[in-house]
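Residue numbers (this note's numbering), protein chains in the order written: chain A, 92 to 331; chain B, 92 to 331. Heads up: the structure comes next, in structure tokens.
2 protein chains.
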Amino acid sequence: MSIPKKLKERYTWFKQHSAHEENSSLAFEIISEDKRGLISEISTKIYNLGSDILFFQSWSEYDGKCHTVIQVDNKSNFDAILKSIQEIPEIISVEITSTSKKTWGKRIIIIGGGAQVSSVASGAITEADRHNIRGETISVDTIAVIGEDEISNTIDAVGKLHRVGILVLAGSLMGGKITKSVKNLRSVHGIPVIALNMAGSVTKVCDLVVSDPVEAGVMAVMLISNIGAFNLLKVHGDKY
Amino acid sequence: MSIPKKLKERYTWFKQHSAHEENSSLAFEIISEDKRGLISEISTKIYNLGSDILFFQSWSEYDGKCHTVIQVDNKSNFDAILKSIQEIPEIISVEITSTSKKTWGKRIIIIGGGAQVSSVASGAITEADRHNIRGETISVDTIAVIGEDEISNTIDAVGKLHRVGILVLAGSLMGGKITKSVKNLRSVHGIPVIALNMAGSVTKVCDLVVSDPVEAGVMAVMLISNIGAFNLLKVHGDKY
């Protein structure tokens, strides 16, 4: 099986960089009233100050307040941005904090059913701990999902997450729509996929098949960490 | 120990609702060239069409492309928004997809060191699987971190995440700056905290102390799921 061009490029870039290397380490954390048009107002102010926004997240909270996190490039005039945001009447507080990439780093996503998800997670978390002690930052995010449609939709949603390094599928049977979603995630989003050695067509379209769930989790970390020589492009298509 | 007002309100709201109840189930997924000012342009267009943005996330990818996910309220004219976004020359693709809240649901965050993080995660993932089968959507996100400053900074960063239901601290010794960060997360962000029964001052400021790591993970799920009667406000301050 061939490796999609985008996967090869994105993986090589992802593997080479430590998660906390980036051109900005500061973010603005804003709490405000939930006024319609506020995202437009804040982002236009930052644009007018000549800054490049690297990350922007904003959402409504349960109490009608709006939370916003904005990361701008290092050449930005942080004081001027801070001042200009504070001038907006609906702003309750603005703080300058470290970025989410620096804190949570590269992400491993684990999707599948009960016992196997826990085992894969256990391997990945223990191995991530060892890499993080040595200077990487790798977090492990899991969701237990059942059903072909549900798993397929969840895999599609992985392409909408930021900082994802690799996906591990933890189950005993996956195929049909799931296989289509894996193909799409790999070719359109360039995200590599490990599968347990399971029934169904999904193992035929994954980058690596691993029989032991703990080992699958450990390998996921080794593959995206910039520490160590294990490289997906060298073991691609292997079964363990 | 008293329960901060914000925690009581936010927890009650969080507990009562299933993760996929919300006033919009659709989001726009946009891939574009990474032009400065694009966030301002897109959000202004949506504002001018009279829509309320419930969630907005945008970031730069490795290849110089920009990824944007936008959730608007159900009353919005989805076709008009789609058309108006497509008119921007830098847009490569726009798709209408389901929301991240519907897919990933309520989040449990686990922070701490190696073996204990894995054990807490194992309990939480296995229990989340059981609740998700019954109609909830709960995901479990973990990071292994070492050091007082690092753990403290990571706890501060939990307040910047969206959809967080509860934080579990998995370690054998936590105090000092970590204790301050827990106090702040609870009172300012209203996010409850479970700690393992560990050394250090942190257990004195948490909502629940649980000795067994697997049980701590299981309880985290039970506390935020809208299935079942286990309620933080009834067991608050207990040690298990």
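Virtual Cβ for every residue (Gly too), placed ideally from N, Cα, C.
Please classify Thr-188 (chain B): does DSSP put it in a helix, a strand, or coil?
The count along the second sequence starts at 1 and reaches residue 188 (chain B) at position 97. DSSP places Thr-188 (chain B) in strand when its eight states are reduced to three.
Would Phe-321 (chain A) count as contacting chain B if we go by Cβ distances under 7 Å?
Within the first sequence, the letter at position 230 stands for residue 321 (chain A). Output row for Phe-321 (chain A): interface = no.
Neighbouring residues, chain B, relative to Arg-127 (chain A) (Cβ below 7 Å):
For the purposes of this step, residue 127 (chain A) is identified with residue 36 of the first sequence, where counting begins at 1. Residues of chain B passing the Cβ test: Tyr-138 and Asp-143.
In angstroms, rounded to a whole number, what distance separates the CA positions of Ser-189 (chain A) and Gly-196 (chain A)?
Indexing the first sequence from 1 puts residue 189 (chain A) at position 98. Indexing the first sequence from 1 puts residue 196 (chain A) at position 105. CA-to-CA, the gap between Ser-189 (chain A) and Gly-196 (chain A) works out to about 12 Å.
So what's His-280 (chain B) in DSSP terms, helix, strand or just coil?
Along the second sequence, one-based indexing puts residue 280 (chain B) at 189. Of the three classes helix, strand and coil, the one that applies to His-280 (chain B) here is helix, per DSSP.
List the endpoints of the continuous beta strand (DSSP E) containing Arg-127 (chain A).
Here residue 127 (chain A) corresponds to residue number 36 of the first sequence, with the count starting at 1. Element bounds for Arg-127 (chain A): n/a, residue is neither H nor E.
Would you mind stating whether Ile-282 (chain A) and Leu-258 (chain A) have Cβ atoms separated by less than 7 Å?
Within the first sequence, numbered from 1, the residue matching residue 282 (chain A) stands at position 191. Within the first sequence, numbered from 1, the residue matching residue 258 (chain A) stands at position 167. Cβ atoms of Ile-282 (chain A) and Leu-258 (chain A): closer than 7 Å.
What residue ranges within the stretch 149-180 of chain B form continuous alpha helix (DSSP H) runs of no fewer than 4 residues, ordered along the chain?
169-177
If you draw a straight line from the C-alpha of Ile-285 (chain B) to the C-alpha of Gly-266 (chain B), how long is it?
As a first step, residue 285 (chain B) must be located in the second sequence, where it is residue number 194. As a first step, residue 266 (chain B) must be located in the second sequence, where it is residue number 175. Roughly 14 Å between the two C-alpha positions.
Here's a check: name, in chain order, each residue in its chain whose Cβ is nearer than 7 Å to the Cβ of Ala-212 (chain A), leaving out the five neighbours to either side.
Residue mapping note: residue 212 (chain A) aligns to position 121 of the first sequence, counting from 1. Closer than 7 Å at the Cβ level, and outside the excluded window around Ala-212 (chain A), lie Ile-201, Val-231, Thr-233 and Gly-308.
Using DSSP bridges, identify the partner residues of Leu-117 (chain B).
Start at 1 with the first residue of the second sequence, and residue 117 (chain B) comes out as number 26. Its beta-bridge partners are B:Ser-189.
Bridge partners for Ile-257 (chain A) per DSSP, in chain order?
One-based indexing of the first sequence puts residue 257 (chain A) at position 166. Its beta-bridge partners are A:Ile-199.
Could you tell me the distance, in whole angstroms, from the CA atom of Asn-275 (chain A) to the CA atom of Ile-94 (chain A)?
Translated into the one-based positions of the first sequence, residue 275 (chain A) becomes position 184. Translated into the one-based positions of the first sequence, residue 94 (chain A) becomes position 3. Distance between the alpha carbons of Asn-275 (chain A) and Ile-94 (chain A): 12 Å.
Does any C-beta atom of chain B lie closer than 7 Å to the C-beta of Asp-298 (chain A)?
For this step, residue 298 (chain A) is matched to residue 207 along the first sequence. Answer no: the Cβ-Cβ gap between Asp-298 (chain A) and chain B never drops below 7 Å.
Ends of the beta strand (DSSP E) at Ser-302 (chain A)?
Numbered from its first residue, the first sequence carries residue 302 (chain A) at position 211. First-last for Ser-302 (chain A): undefined, no H or E at that position.
Within the chosen definition, does the stretch 135-151 of chain B reach the stretch 204-221 of chain B through at least 3 CB pairs nearer than 8 Å?
no
The stretch 243-253 of chain A touching the stretch 180-189 of chain A, judged by at least three CB pairs closer than 8 Å
Contact fails: fewer than three Cβ-Cβ distances are below 8 Å.
Buried or exposed: which applies to Trp-150 (chain A), given that a residue is buried once 16 or more other Cβ atoms fall within 10 Å of its Cβ?
Numbered from its first residue, the first sequence carries residue 150 (chain A) at position 59. By the 10 Å Cβ count, Trp-150 (chain A) comes out buried.
According to DSSP, what are the bridge partners of Leu-287 (chain A)?
As a working mapping, residue 287 (chain A) is identified with position 196 in the first sequence. Paired residue(s): A:Val-301.
Residue interval of the alpha helix (DSSP H) (run including Ser-332 (chain A))
The structure shown does not extend to residue 332 (chain A), since chain A is modelled only from 92 through 331, so no value can be given for it.
Please decide whether Ser-93 (chain B) counts as near chain A, where near means a Cβ-Cβ distance under 7 Å.
Position 2 of the second sequence, counting from 1, holds the residue named residue 93 (chain B). False, the Cβ-Cβ gap to chain A never drops below 7 Å.
Chain A beta carbons: is any one of them nearer than 7 Å to that of His-253 (chain B)?
Here the question's residue 253 (chain B) lines up with position 162 in the second sequence. With 7 Å as the cut-off, His-253 (chain B) counts as an interface residue toward chain A.
Could you check whether the stretch 168-185 of chain A touches the stretch 128-137 of chain A, counting it as contact only if at least three pairs of C-beta atoms, one from each stretch, sit closer than 8 Å?
yes
Interface partners of His-158 (chain A) on chain B, CB under 8 Å:
Taking the first sequence and counting its residues from 1, one reaches residue 158 (chain A) at position 67. The contacting residues are Lys-251 and His-253.
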